[in-house]
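Asker:
Chains as they are written, first to last, in the working numbering: chain E, 5 to 629; chain V, 461 to 564; chain H, 444 to 630.
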């Protein structure tokens with residue numbers, strides 16, 4: 005019975021194999037059916053598993069199934085075993101459901117591309133790896149999924165491989181996340197040495213028993229795991245790869261770099277929350293990293309011209325919110341924000357992808373404009389997604405999730421005023437850049453004409469995601485608005501009971517403040533970017549603008565400190581003494597070859613002279629011997 | 461007998477020198493004829509020394525070969541002249557080893 | 444006997460030298476014929492009258508005439524200015540050295556042997572024919588095949604196809620092709 009959860013990652017894997025092996029021989033329509041169908045069936049299976057889980061109550065609903073013993077070495081065994089509990093169920097639901105919508109969208113988006121089959125093979129492999137990541141029962145299998153999504157991210161960012169810029173972006177993404185992955189694997193080694201197992205349940209059990217909170221070992225292993233999460237989720241200091249990863253097709257950006265892969269770090273920290281709770285200083289570090297990242301990314305997003313780069317920085321910023329929530333112990337709030345963010349960010353990326361495709365690959369928002377009348381459906385869905393991102397009060401889902409995080413960042417025992425202020429400032433900047441993007445892109449005069457209206461396969465996912473961005477928030481509403489705790493109830497089976505209960509009546513102040521801030525941000529964007537009046541002086545200062553535009557100089561610093569010395573070193577190694585010897589030998593051989601080939605000049609008389617000289621020499625030798 | 465062989469040798473070397481020096485194909489063929497002839501002379505001399513017919517028989521075969529070779533060679537020279545419009549032996553050098561494999 | 448040999452040998456050598464150093468093709472060929480004739484004399488005094496006759500008839504009479512035909516057909520007289528350019532005195536150095544070295548080697552080899560003087564016996568055509576058609580029969584047949592190959596080869600290689608287009612076609616390219624145009628193959 006529990007074995008059918010193996011179908012959830014197994015179906016996309018099967019469809020990947022079919023498309024990868026036979027994609028050249030089967031028709032495009034069949035490839036589309038196989039690809040979209042496998043992810044959709046996985047979504048349906050997830051829903052069935054979810055309903056079974058909900059029906060059976062809290063902890064008895066956890067299903068684990070061991071499929072195969074992967075390796076046994078001494079005392080250590082690692083199995084391929086998948087486990088469904090509330091956390092993995094939420095993630096599975098988001099991955100399969102949003103993934104299915106994005107696959108549907110890609111059928112029309114990629115329909116003119118020659119790499120159609122290759123695209124869907126990679127996407128299905130990615131969905132399979134991500135599902136393995138979230139369903140894994142032990143850390144080794146999780147790491148398998150981790151690496152798998154890293155690989156698929158590389159393949160998909162560099163999908164249009166004929167342009168070398170895309171290859172650089174893919175390499176950069178892979179290498180930067182690799183740095184995080186290395187830290188993580190060292191963390192896994194550390195955990196294995198101490199506890200001889202990597203099974204998550206037994207690990208957390210033994211860790212809470214064996215290690216005292218605040219001692220050195222949990223801190224070190226937590227930091228190592230944190231670096232892995234930071235790399236994959238594009239937080240400080242490893243956030244430089246995500247803006248460049250926009251070189252991939254828009255469905256890739258939607259699926260991988262908005263909804264799923266970049267949230268793998270959030271999943272890791274949430275899954276290992278017991279370990280992190282043993283090291284409170286690391287939790288504080290997570291909160292600070294989240295707060296700093298959301299501010300830095302927000303400022304950078306305010307200065308971008310490229311539509312997808314704005315959204316990329318926005319993703320970094322929103323994941324900063326999730327890290328902030330994790331850091332103050334608001335586990336279910338972070339997961340709730342993850343789910344809502346997946347909906348509206350995927351929506352924004354898909355809509356942006358449609359805009360870019362229909363405007364003949366135009367990425368610069370200052371060359372767009374006036375698309376409100378020309379592409380009405382895209383405009384409305386984009387507006388809904390943007391409103392949700394800016395946490396427009398009461399009607400959008402984003403308000404509920406972001407508000408919960410902001411409230412808890414102040415009211416939680418490990419929260420503080422500074423974190424709340426960072427969060428609220430970030431919310432202001434968020435609505436500012438979001439509506440800057442909307443006003444510049446959709447209002448004003450049209451600078452580039454769209455080719456045609458988008459088709460049905462592109463519009464339906466947009467509409468579905470837009471409605472989810474509006475209504476999905478109602479499953480978790482705060483105390484004073486009629487407490488609806490469906491979501492955190494679900495996750496209470498996984499996490500320790502959160503502090504969502506104590507509002508002390510002060511929550512409405514914070515709600516009011518965040519509502520004012522978000523509407524204020526929209527109004528400011530309206531004044532600055534629609535009416536084009538009264539932009540404060542500091543926003544126009546050019547050196548600061550370039551600094552923000554370049555992502556606060558991180559790329560510049562990393563280039564000087566790491567990249568250039570390494571490239572210099574590799575160059576020096578390419579021409580070192582041993583290489584010179586071999587090149588010299590090859591050169592000598594070539595030289596003699598050229599010299600000797602001059603003797604074959606095709607002239608009859610030359611050949612005859614040489615012949616005669618040879619005869620003379622031979623005779624002389626024969627006679628003297 | 462040595463003098464006679466020496467005569468044949470000198471004639472052969474004359475033909476050889478002529479072959480190496482001249483650039484005109486017709487003259488090269490002529491030098492080849494001189495060389496063939498001197499070889500035949502050597503055969504006759506040797507045959508008369510040993511008082512056998514073998515030398516003369518060999519000379520007949522050399523004659524045959526020379527005749528066939530001259531006819532075919534001249535036909536080829538005619539073709540060459542029609543193609544290249546010159547009788548320069550250095551003009552037909554397409555079978556050379558080119559530097560960047562340009563003519564392969 | 445010896446004097447005739449010395450005179451004929453000298454004439455042969457000198458005429459060969461004149462042949463290879465001449466600029467005019469016809470003159471060179473004529474000197475070559477002279478050389479062949481003197482060699483034929485040497486054949487005669489060596490006791491091979493049949494071969495002497497063969498030399499004159501076949502070699503000087505057929506092969507050299509073939510040469511002269513080709514030279515006249517190709518009109519080599521026009522090429523005499525090339526010969527001036529190609530035949531510089533400096534060209535003689537290397538072949539001269541090589542030939543001299545070979546000559547030295549040749550003389551050195553000949554010094555090793557000592558042949559006693561024998562009486563010259565005339566070996567007539569009958570003896571040659573008997574030997575040819577009894578012991579060397581296969582070689583005769585092979586020579587016949589060689590000659591056959593030579594004939595066919597010379598015929599095929601010497602053939603030129605000239606495309607002759609009707610004059611109407613050459614002059615007015617825009618006009619329609621009248622019937623009656625055909626290729627003429629010149630063999």
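The beta-carbon is built from N, C-alpha and C at its ideal position, and this holds for glycine as well.
1) Closer than 7 Å by beta-carbon distance: list the chain V residues that pair up with residue 591(E), in chain order.
2) Using the Cα positions of residue 193(E) and residue 230(E), report the straight-line distance between them to the nearest angstrom.
3) Based on the DSSP secondary-structure assignment, which residues constitute the bridge partners of residue 80(E)?
4) Give the residues from the region 465 to 494 of chain V that approach chain E closer than 9 Å (Cβ to any Cβ), ordered along the chain.
5) For residue 541(H), which residues in chain E fall below 8 Å Cβ to Cβ?
6) Keeping to the same chain, check which residues put their C-beta closer than 7 Å to that of residue 111(E); ignore five residues upstream and five downstream.
7) Could you pull out every residue in the same chain whose Cβ sits closer than 8 Å to the Cβ of residue 270(E), ignoring the five residues on either side in sequence?
8) For residue 480(E), does the three-state DSSP call read helix, strand or coil?
9) Short check: CB of residue 526(V) to CB of residue 496(V), under 7 Å?
10) How far does the alpha helix (DSSP H) with residue 175(E) in it reach, from first residue to last?
11) In this structure, how does DSSP classify residue 87(E) when only helix, strand and coil are distinguished?
12) Let me check understanding here. Comparing Cα to Cα, which of 141(E), 593(E), 479(E) and 407(E) lies closest to residue 432(E)?
13) Check the Cβ of residue 544(H) against every Cβ in chain E and list those closer than 7 Å, keeping chain order.
14) Tell me which same chain residues have a C-beta within less than 8 Å of the C-beta of residue 474(E), skipping the five on either side of it?
15) Assuming the contact rule is C-beta atoms closer than 8 Å, residue 370(E) and residue 309(E) should be a hit. Round their C-beta distance to whole Å, please.
16) For residue 493(V), count neighbouring Cβ atoms within 10 angstroms of its own Cβ and tell me buried if that reaches 16, exposed if not.
17) Using a threshold of 7 Å, state whether the C-beta atoms of residue 245(E) and residue 153(E) are closer than that.
18) Among residues of its own chain, excluding the 5 on either side of residue 476(V), which ones have a beta-carbon nearer than 7 Å to its beta-carbon?
19) According to DSSP, what are the bridge partners of residue 203(E)?
20) Determine contact between the region 496 to 510 of chain V and the region 551 to 564 of chain H, defined as no fewer than three beta-carbon pairs at a distance below 8 Å.
21) Assign residue 619(E) to one of three DSSP states: helix, strand, or coil.
22) Could you work out which residues of chain E lie near residue 548(H), taking near to mean beta carbons separated by less than 8 Å?
23) Does any residue of chain V have a CB that is nearer than 7 Å to the CB of residue 633(E)?
24) Looking at chain V, is there any beta carbon in it that lies within less than 7 Å of the beta carbon of residue 597(H)?
25) So, are the CB atoms of residue 20(E) and residue 90(E) less than 7 Å apart?
26) Determine whether the Cβ of residue 502(V) lies closer than 7 Å to any Cβ atom of chain H.
27) Can you tell me where the alpha helix (DSSP H) holding residue 47(E) begins and where it ends?
28) Determine the contact status of residue 332(E) and residue 413(E), defining contact as a CB-CB distance below 7 Å.
29) Going by beta carbon distance, what residues of the same chain come within less than 8 Å of residue 447(H), once the five residues before and after it are set aside?
30) For a test of the three-state rule: what should DSSP assign to residue 439(E), helix, strand or coil?
31) Rounded C-beta distance between residue 139(E) and residue 86(E)? I'm assuming under 8 Å.
32) For residue 542(E), count neighbouring C-beta atoms within 10 Å of its own C-beta (all shown protein chains included) and say buried if the count is 16 or more, exposed if not.
33) I'd like the span of the alpha helix (DSSP H) that includes residue 551(H), first residue to last.
34) Please go through the same chain and pick out, in chain order, the residues whose beta-carbon is closer than 6 Å to the beta-carbon of residue 176(E), but skip the five residues on each side of it.
35) Determine the chain V residues that contact residue 605(E) at a beta-carbon separation under 8 Å, and present them in chain order.
36) Using a Cβ-Cβ cut-off of 7 Å, state whether residue 549(V) counts as contacting chain E.
Answerer: Let's see:
1) Within 7 Å Cβ-Cβ: nothing; residue 591(E) doesn't reach chain V, min ~16 Å.
2) 14 Å
3) In DSSP, residue 80(E) forms a bridge with 77(E).
4) 476, 479, 480, 481, 482, 483, 485 and 488
5) 613, 616, 617 and 620
6) 36, 40 and 461
7) 233, 237, 323, 326, 327, 330, 338, 339 and 342
8) strand
9) yes
10) Counting along the chain, the alpha helix (DSSP H) containing residue 175(E) begins and ends at 168 to 199.
11) strand
12) The candidate whose alpha carbon is nearest that of residue 432(E) is 407(E).
13) 620
14) 388, 392, 399, 400 and 401
15) The pair is a contact, with the Cβ atoms about 6 Å apart (cut-off 8 Å).
16) Flag for residue 493(V) reads buried.
17) no
18) 495
19) 142(E)
20) The answer is yes - the region 551 to 564 of chain H touches the region 496 to 510 of chain V, with three or more Cβ pairs under 8 Å.
21) helix
22) 620, 623, 624 and 627
23) In the structure as shown, chain E begins at 5 and stops at 629. Residue 633(E) is therefore absent and cannot be evaluated.
24) Yes, residue 597(H) lies at the interface with chain V (some Cβ there is under 7 Å from its Cβ).
25) no
26) no
27) 32 to 59
28) Residue 413(E) sits close to residue 332(E), with the two beta carbons spaced by under 7 Å.
29) 484 and 488
30) The answer is helix: DSSP assigns residue 439(E) an H, G or I state.
31) 4 Å
32) In this prediction, residue 542(E) scores a pLDDT of 49, lower than 50, which makes its location untrustworthy; no coordinate-derived value is stated.
33) 536 to 555
34) 245 and 248
35) 553, 556 and 557
36) yes
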